[in-house]
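Enquirer: Here the sequence shown stands for residues 74 to 880, where the numbers follow my numbering.
Cβ coordinates follow ideal geometry from the N, Cα and C atoms, glycine included.
All figures in this text were calculated on a predicted structure; none of them were measured in a lab.
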Amino acid sequence: MSNKVIRKILFPKLSNMEYKYGSYKIMPRHQNAHALQNAGFLFHFEQENNKLRSARIVYGHVNKKFVHASKTEQFLSGKYIFDNGVLQSALKVLDGELECETILPEARPDFRKGLAISLFYKFILNIAPKKCVSLPNLTGGLMLNRPISKAAQEYDTKECIYPLARGIAKIEAKYQVTGEAEYIMDKPNYPNQLYASFVTTKARPKTKILNLDATKALKIPGVVAFFDKDSIPGRNTFTPLEMGLFSSEEKLFCSDSIEYYYQPVGIIVAITHDLAQSASEMVEIRYGASAKNAILSINDALENGQNRVSKIRAVNTGAEEQKEETKEITGTFRLSGQYHYHMETQCCSAVPKEDGINLYPSSQWIDLSQCAAAAVLNIPANKIDISVKRLGGGFGAKIIRNSLISSSTALACYLLKQPVKMWLPLESNMNIIGKRYPVHSKYKVWVNDEGIIQSFENNIYFDHGNANNENVVEEFFDIYFKTYNTKLWRADFCVVHTDNPTTCYTRAPGSAEALAMVEAVMEHTAMELEMDPLEFRLKNLNKDDSKLIEHINDLLQWAQIYERKSTILEFNKNNRWRKKGISVVPMTYPFHLMLGYGILVSIYHIDGSVAIAHGGVEIGQGINTKGVIKACDTLLKRIEPMKKMFSNASWRELIQKCHQEFINLCATSMCQGAKEEDLQPYNVYGVCASEIELDVLTGQYQITRVDLLEDVGDSMNPGIDIGQVEGAFAMGLGYFCTEQIITDEDGKILTNRTWNYKPPGAKDIPIDFRIKFPKKIPNKVGVLKSKGMILHWRSINLLKAPEEYFK
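1. Could you tell me the distance, in whole angstroms, from the CA atom of Cys444 to the CA atom of Ser480?
2. When you compare only the Cα positions, how much space is there between Lys384 and Ser351?
3. Does the separation of the CB atoms of Val520 and Thr556 fall below 8 Å?
4. I think Leu588 touches Val512, with their Cβ atoms under 8 Å apart; what is that distance to the nearest whole Å?
5. Go ahead and label His141 buried or exposed: buried means 16 or more other beta carbons lie within 10 angstroms of its beta carbon, across all protein chains shown.
6. Starting from Thr482, trace the alpha helix (DSSP H) in both directions and tell me its first and last residue.
7. Taking the beta carbon of Met804 as the centre, do at least 16 other beta carbons fall within 10 Å, making it buried, or is it exposed?
8. Measure the CB-CB distance between Ala540 and Ser742 and report whether it falls below 8 Å.
9. Find out if the Cβ-Cβ distance for the pair Val388, Arg563 is shorter than 8 Å.
10. Considering only C-alpha positions, which residue in the set Lys186, Gly688, Ser270 is nearest to Thr175?
11. With distances taken Cα to Cα, identify the nearest neighbour of Lys853 among Val785, Ile641, Ile815, Leu806.
12. Decide if Gln419 is buried, meaning its Cβ has at least 16 other Cβ atoms within 10 Å, or exposed.
13. Taking Val424 and Cys327 to be in contact with their CB atoms under 8 Å, please state how far apart those CB atoms are, rounded to whole angstroms.
14. Would you decide whether Ile726 is buried or exposed? Buried here means 16 or more other CB atoms lie within 10 Å of its CB.
15. Determine whether the beta carbon atoms of Thr390 and Lys560 lie at a separation below 8 Å.
16. Distance, Cα to Cα, Asp259 vs Glu417?
17. So, using beta-carbon positions, are Ser363 and Val272 closer together than 8 Å?
18. Measuring only the C-alpha atoms, how far is Leu215 from Lys836?
19. In terms of residue numbering, what span does the beta strand (DSSP E) encompassing Trp562 cover?
20. Is it buried or exposed, Glu608, if we count other Cβ atoms within 10 angstroms and call 16 or more buried?
21. For Met100 versus Ala112, is the C-beta spacing smaller than 8 Å?
22. For Pro847, count the other beta carbons within 10 Å of its own beta carbon; 16 or more makes it buried, fewer makes it exposed. Which is it?
23. Nearest by alpha-carbon distance to Thr405: which of Asn377, Gln249, Val594 is it?
24. Enumerate in chain order the residues of its own chain whose CB-to-CB distance from Ile815 is below 7 Å, with the five nearest sequence positions on each side excluded.
25. Distance, Cα to Cα, Leu400 vs Asp780?
26. What's the C-alpha gap between Ser143 and Pro202?
27. In the DSSP assignment, what are the bridge partners of Leu782?
28. Helix, strand or coil for Phe311 per DSSP?
29. Going by DSSP, which residues form a beta bridge with Val342?
30. Classify Asp605 as buried or exposed, calling it buried when 16 or more other Cβ atoms lie within 10 Å of its own Cβ.
31. Provide the residue(s) that pair with Ser742 in DSSP beta bridges, ordered along the chain.
32. Three or more C-beta pairs closer than 8 Å, one from the stretch 327 to 341 and one from the stretch 522 to 537: is that the case here?
33. Can you look up Cys327 in the DSSP assignment and give me helix, strand or coil?
34. My assumption, with CB atoms under 8 Å, is that Val657 sits in contact with Ala762. Please give the rounded CB distance.
35. By DSSP's criteria, Leu285 is part of a beta bridge. Which residues make up the other side?
36. For Tyr755 and Phe664, I'd like the C-alpha separation in whole angstroms.
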């Protein structure tokens, strides 16, 4: 075959009577993912006695050398596989020859081995004569069948106040779907445009940097400059303490000792983005001996670095030592981090001007961007003009972390006096930027015979990474003590300093973890008591909160929970390898208005058009749309007297009349946050029921139905609010089921691209997704009687990663 080209391969058709074939690919999500475990089976039967003439069994993802299960193939030759004794012996042989290796970041070896054996058994169930398989085992041979998704939304609107309360698309939607919406990196290049890229460390934290040498990189044609800590005119930080919210100043560029893997040590500037990226890899970093004392996880800190653990808050509502008649239940709860996965990665564009720079950062907190850049450059803040039109998503990562990128870009622009753009490729974005807080808790629960909690103690640990600058303790405790009767609860909240990038705010910071933690404890305790989880929750609810109970009862009736539970119990009784489950999770979220920003509304008298400038940042949530709606209401009130005088005038004529009468067509306002008398704290209530179908043999599942009820008061735009709820649920689905942050023993992140980090896809969302906003419950202390949207809806208790089901 040397020097030949294969033009055609023919596979002979195999007789369905003699041959049975099956192949399987079990993935971390339903589409666009490589296999956790895959397998193929081809059995050749003798027609006269149905014994195996030959068997071909192949697996992927076992180890580097494994292809065929040769010993099992040999054992099965001449055997009647549908005899239970033969099957059990074959499973033992297969178990003996499957030697799965640890292959980070792939699934655990024991999981992959168990899954491989289960796939063999599933294939046997699938091809076995019906007389050989009992009815409860039949579904074990089948894969889950997913129909097309559907959804329903139920809400009320008041037509009398339109356009307020009307479900309309956000203003930017048509520009975004056509690609016309301009983001930071879409801005046209300026003359002499340059591009910057981080140079990062690639060594274990605590390792010393002995030398930095950019000589090779700077010799490449088109590479302009390299800047490190010694190039900074001001302070080497992107979290200046003068902002009043930070506990420490994080370094813009690493100095002598590495604080985390992939920490930036400087930036390379070149004439193209690709050249800057490639040149950044040419900078030589000489390291000292690899450090042995790095602390990379909460467990590391608890076992080897107690000086890294700090108790920052303890709350005791009356917990005390319990009597012997109560049952004690202990457990642990863990959550790993979560990447923000915004469509637009961290980026910034900086342009020099006469007396400073113009900065265009992808920042949710432009005040910090300005302050940090001023501190780095050692110039007054008024020399830095900042403009942010919109961001391509944020989820919290662009509140503080973006100042690392914007300050670095500003530095290059300021020193070179040329425009500089910088944006992080996906892998760099995932390597450098911190994630959601990893959480670990150890708890004890004492329960009486009636299933009522008598005492609950919990030691809670949050991994804040390199610096505790994005503290979530208040948000955590706000929701932790809200939903249930917490009069006998005690919680110690500790933060853990690890050698990882600083963990940062992620959609519903603190509150999502608190909700998950409490509900996991409720589920575990109910299971230990062999009690229905819903009944257990209802017994331990905060009975003083009648509104929550009303919403729970509303959902139980609306979603027909008890009728569906009966159907599910019957299904589970009749199916050994296919199970269904339903879980109901309540939520009481205390909403506080914390920060305050200004707004400017202007009507142009020439044509009546309106311009709005506000302190918020559009990141996809429709804030501009809500701002326009509220502004329209404000403006109409302002011009109402003139409208009565000139009832037949057009809008343009009316505005011109107002201008002629010297009516102020500009209005400014400053929201004072918690000081606003008419914007007091309030609770947002929600209840969610999730139903799943589980393949017990593989751990694969599908969410068959979700019923979600959330109290939003009088929604200003139900269309946008529905989208926020759906998006929050999907992000929670990824957090608990499909997304995993995995690092190696040096702290190097291994799940830093779409190949190995898997947010949910189109076939992972609920098959039937129903959302209801309860009617006629206006929020008397909210903006226009609405409530703030809660971005962390996760119904958690039946939703886990496949590995967790397999346990």
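Expert: Once the coordinates are examined:
1. Position 371 of the sequence shown, counted from the first residue, corresponds to residue 444. Position 407 of the sequence shown, counted from the first residue, corresponds to residue 480. Cys444 and Ser480: Cα-Cα distance of roughly 9 Å.
2. Here residue 384 corresponds to residue number 311 of the sequence shown, with the count starting at 1. Here residue 351 corresponds to residue number 278 of the sequence shown, with the count starting at 1. Whole-angstrom Cα-Cα distance: 44 Å.
3. Working through the sequence shown from its first residue, we reach residue 520 at position 447. Working through the sequence shown from its first residue, we reach residue 556 at position 483. Not a contact, by the Cβ cut-off of 8 Å.
4. By one-based count along the sequence shown, residue 588 stands at place 515. By one-based count along the sequence shown, residue 512 stands at place 439. Actually they do not touch by this definition, with Cβ atoms about 12 Å apart.
5. Here residue 141 refers to the residue found at position 68 of the sequence shown. Classification of His141: exposed, given that the 10 Å Cβ count is below 16.
6. Residue numbering aside, residue 482 sits at position 409 when the sequence shown is read from its first letter. That run of the alpha helix (DSSP H) goes 475 to 489.
7. Along the sequence shown, one-based indexing puts residue 804 at 731. Buried, by the Cβ-count rule.
8. As a position in the sequence shown, residue 540 is number 467, starting the count at 1. As a position in the sequence shown, residue 742 is number 669, starting the count at 1. Cβ distance not < 8 Å, so Ala540 and Ser742 don't count as in contact.
9. Taking the sequence shown and counting its residues from 1, the one referred to as residue 388 is at position 315. Taking the sequence shown and counting its residues from 1, the one referred to as residue 563 is at position 490. A contact, by the Cβ cut-off of 8 Å.
10. As a working mapping, residue 175 is identified with position 102 in the sequence shown. Selected option, being the one with the closest Cα: Lys186.
11. Here residue 853 corresponds to residue number 780 of the sequence shown, with the count starting at 1. Comparing Cα positions, the closest option is Val785.
12. On the sequence shown, position 346 is the one that residue 419 refers to. With 16 or more other Cβ atoms within 10 Å, it is buried.
13. Locating residue 424 in the sequence shown gives position 351, counting from the first residue. Locating residue 327 in the sequence shown gives position 254, counting from the first residue. No, Val424 and Cys327 are not in contact; Cβ-Cβ is about 28 Å, not under 8 Å.
14. Taking the first residue of the sequence shown as 1, we reach residue 726 at position 653. Checking the sequence, you will find Glu at residue 726 rather than Ile. Per the 10 Å Cβ criterion, exposed.
15. Working through the sequence shown from its first residue, we reach residue 390 at position 317. Working through the sequence shown from its first residue, we reach residue 560 at position 487. Yes.
16. Mapped onto the sequence shown, residue 259 falls at position 186. Mapped onto the sequence shown, residue 417 falls at position 344. Approximately 11 Å, taken between the alpha carbons.
17. Within the sequence shown, the letter at position 290 stands for residue 363. Within the sequence shown, the letter at position 199 stands for residue 272. In this structure, Ser363 sits away from Val272, with a CB-CB distance that is not shorter than 8 Å.
18. In the sequence shown, the residue the question calls residue 215 occupies position 142. In the sequence shown, the residue the question calls residue 836 occupies position 763. Spanning the two alpha carbons is a distance of roughly 18 Å.
19. Counting from one through the sequence shown, the residue named residue 562 turns up at place 489. It spans 562 to 570 - the beta strand (DSSP E) in which Trp562 sits, taken as one unbroken run.
20. Working through the sequence shown from its first residue, we reach residue 608 at position 535. Exposed, since its Cβ has fewer than 16 Cβ neighbours within 10 Å.
21. As a first step, residue 100 is located in the sequence shown; it is residue number 27 there, counting from the start. As a first step, residue 112 is located in the sequence shown; it is residue number 39 there, counting from the start. Not in contact: Met100 and Ala112 (Cβ atoms no closer than 8 Å).
22. The sequence position of residue 847 within the sequence shown is 774, counting from 1. Looking at its Cβ environment, which holds 16 or more other Cβ atoms inside 10 Å, Pro847 is buried.
23. The count along the sequence shown starts at 1 and reaches residue 405 at position 332. Thr405 has its Cα closest to that of Val594, out of Asn377, Gln249, Val594.
24. For the purposes of this step, residue 815 is taken as the residue at position 742 of the sequence shown. Once the five neighbours on either side are set aside, the close Cβ partners of Ile815 are Leu177, Pro178, Leu823, Thr824.
25. Residue mapping note: residue 400 aligns to position 327 of the sequence shown, counting from 1. Residue mapping note: residue 780 aligns to position 707 of the sequence shown, counting from 1. Sequence inspection shows Lys at residue 400; the Leu mentioned does not correspond to that position. Counting only the Cα atoms, Asp780 lies some 33 Å from Lys400.
26. For the purposes of this step, residue 143 is taken as residue 70 along the sequence shown, with counting starting at 1. For the purposes of this step, residue 202 is taken as residue 129 along the sequence shown, with counting starting at 1. Ser143 and Pro202: Cα-Cα distance of roughly 25 Å.
27. Position 709 of the sequence shown, counted from the first residue, corresponds to residue 782. Leu782 pairs with Val760, Lys845.
28. Within the sequence shown, numbered from 1, the residue matching residue 311 stands at position 238. Three-state DSSP puts Phe311 in coil, outside helix and strand.
29. As a first step, residue 342 is located in the sequence shown; it is residue number 269 there, counting from the start. DSSP lists Ala269, Ala298 as partners of Val342.
30. As a position in the sequence shown, residue 605 is number 532, starting the count at 1. When all chains shown are included, Asp605 counts as exposed.
31. For this step, residue 742 is matched to residue 669 along the sequence shown. Looking at the DSSP assignment, Ser742 forms a beta bridge with Ile672.
32. no
33. By 1-based counting over the sequence shown, the position of residue 327 is 254. Coil.
34. Translated into positions along the sequence shown, residue 657 becomes position 584. Translated into positions along the sequence shown, residue 762 becomes position 689. Confirmed, about 5 Å.
35. Walking along the sequence shown from the start, residue 285 turns up at place 212. BP columns for Leu285 point to Ile358.
36. Taking the first residue of the sequence shown as position 1, residue 755 is located at position 682. Taking the first residue of the sequence shown as position 1, residue 664 is located at position 591. About 5 Å.
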